[in-house]
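The numbering of the sequence shown is the numbering used here, which starts it at 84 and goes up by one.
No residue lacks a Cβ here, since even glycine has one placed at the ideal position from N, Cα and C.
Right, one structure below, let's go through it.
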Amino acid sequence: MHGRPREAKHKLKDPKAAEGYKKKARAGACIARRVEAIRQGTALVLECRRLRRYDAPALAAAAKLLKVVPEIYTVWNYRREALEPVFEAGGEAAQKASNEELALTQVRLAVGGGWWRLETAVDGGGRAYERRLWFACLLENPKSYAAWHHRKWTVLKGLADLGAELKLVGSALEQDGRNFHAWAYRQFIVKLSAPKVTTEDELAYAGGCIAADFSNYSAWHYRTILLHKLYAEEVQTVSFEDLIAGRGPTSSSSSGGGGGGGGGGGGGEGGGAAPGVRGAFSGTAAQRRPIPAHVLDQEYDLVHQ
């Protein structure tokens with residue numbers, strides 16, 4: 084506007100303000116150099132992939148790039164392409180590859196003041212570096228889809244101890260109880276760990292998360308999944324003859340044609356549920372069982388405590 088002094092010129096005369104502008108300029112130049120380095124690194128890895136070059140320098144460049152930008156899916160795919168045949172072959176070649184990966188040091192996870200912190204540790208297996216890389220990439224971005232996916236791939240290749248993974252993701256959820264990636268990963272590990280880890284164990288875990296933070300809606304959601312899963316798992320089998328005759332399980336806790344007060348009239352008196360049984364149904368249409376009333380009462384008390 085006319086007649087108004089230009090504040091920027093006056094600020095430049097202030098030594099502190101001038102120094103602040105210089106710092107911003109240096110920061111901008113630093114960012115520009117970083118962006119250019121990422122661009123060049125990405126181009127290098129993509130060229131290596133095009134040439135099917137999977138040597139140590141190329142993999143090191145890919146790892147360095149992923150630590151900075153963990154969301155580049157193609158670079159993760161490149162690493163998997165390189166490592167897949169090595170681990171499948173086994174023998175001396177696999178051991179040599181493992182030793183080369185271990186040269187970058189094995190790590191273990193520890194919870195620090197921030198999110199996850201890396202510390203060096205010793206491991207005698209051929210599974211160090213991919214775990215280390217995954218940790219580093221999640222340090223950069225704890226909600227990286229690509230990094231979590233790569234972790235699942237690593238676990239399915241037998242590169243991690245499931246018990247340790249469960250503790251690891253538990254530590255992650257202590258730091259951020261609403262990280263849905265971590266919750267999904269926990270369900271993935273629990274499924275692989277069955278029957279060592281039961282649905283009851285996970286119900287207790289979800290209850291502990293709720294006790295620590297009542298507003299943890301992720302834990303509440305997980306609990307609803309577990310309750311339905313628990314009673315779907317306990318559904319009794321039905322013989323072929325009973326199925327043809329339209330009869331369900333004979334247990335009084337199972338649902339039939341008339342269980343739950345108005346649940347369809349197909350079963351008649353052959354239904355297994357006693358009159359007046361109330362509950363929320365779980366399982367498929369062919370396998371239904373009500374969540375017992377006393378369990379629902381406990382959940383109600385938990386919500387209203």
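Would you mind giving the Cβ-Cβ distance between residue i and residue j, rounded to the nearest angstrom? I have them listed as a contact below 8 Å.
i: R306; j: Y268; result: The Cβ separation is near 18 Å, so there is no contact.
i: E248; j: I272; result: 5 Å
i: K226; j: H264; result: 5 Å
i: L309; j: A289; result: 6 Å
i: I155; j: L166; result: With a Cβ gap of about 17 Å, I155 and L166 do not count as contacting.
i: A145; j: V169; result: Not confirmed; about 14 Å, so no contact.
Compare the C-alpha of residue i against each of the options and name the closest.
i: T157; options: P375, K312, A277 and A230; result: A230
i: F297; options: W266, R135, Q270 and R261; result: R261
i: W159; options: F170, R132 and P168; result: R132
i: T125; options: P98, P153, K106 and A112; result: P153
i: R136; options: L379, H377, E164 and K279; result: E164
i: V386; options: G111, K106 and A302; result: A302
i: V280; options: G246, C292 and P373; result: G246
i: L286; options: A144, E382, G174 and A172; result: E382
i: I121; options: A108, L379, R109 and K150; result: K150
Does residue i pass the burial test, meaning 16 or more other C-beta atoms within 10 Å, or should it be called exposed?
i: V238; result: buried
i: D384; result: exposed
i: G339; result: Low confidence applies to G339: its pLDDT is 40, below 50, so where it sits in the model is not reliable enough to give any reading.
i: E283; result: exposed
i: A357; result: Residue placement at A357 is poorly supported in this model, since its pLDDT is 36, which falls under 50; the coordinates still yield a value, given next. Looking at its Cβ environment, which holds fewer than 16 other Cβ atoms inside 10 Å, A357 is exposed.
i: Y228; result: exposed
i: L134; result: exposed
i: E130; result: exposed
i: P98; result: exposed
i: S335; result: At S335, the pLDDT of 39 sits below 50, so the modelled position is not reliable and the matter cannot be decided from this model.
i: Y161; result: buried
i: Y314; result: buried
i: M84; result: For M84, the predicted structure reports a pLDDT of 48, less than 50, and the residue's modelled location is therefore unreliable. A value from the coordinates is still provided. M84 is exposed by the Cβ-count criterion.
i: G347; result: Per-residue confidence for G347 stands at a pLDDT of 39, beneath the threshold of 50, marking its modelled position as unreliable; the derived number appears in the next sentence. G347 should be labelled exposed.
i: A193; result: In this prediction, A193 has a pLDDT of 30, which is less than 50 and means its spatial position is unreliable; what the coordinates show is noted afterwards. Looking at its Cβ environment, which holds fewer than 16 other Cβ atoms inside 10 Å, A193 is exposed.
i: P373; result: buried
i: A73; result: A query on residue 73 cannot be resolved here, the shown segment of the chain reaching from 84 to 388 and no further.
i: A295; result: exposed
i: A376; result: exposed
Practice task
Evaluate contact between the segment 133-140 and the segment 112-123, counting only Cβ atoms and requiring at least three cross-stretch pairs below 8 Å.
Solution key: Segments in contact, no.
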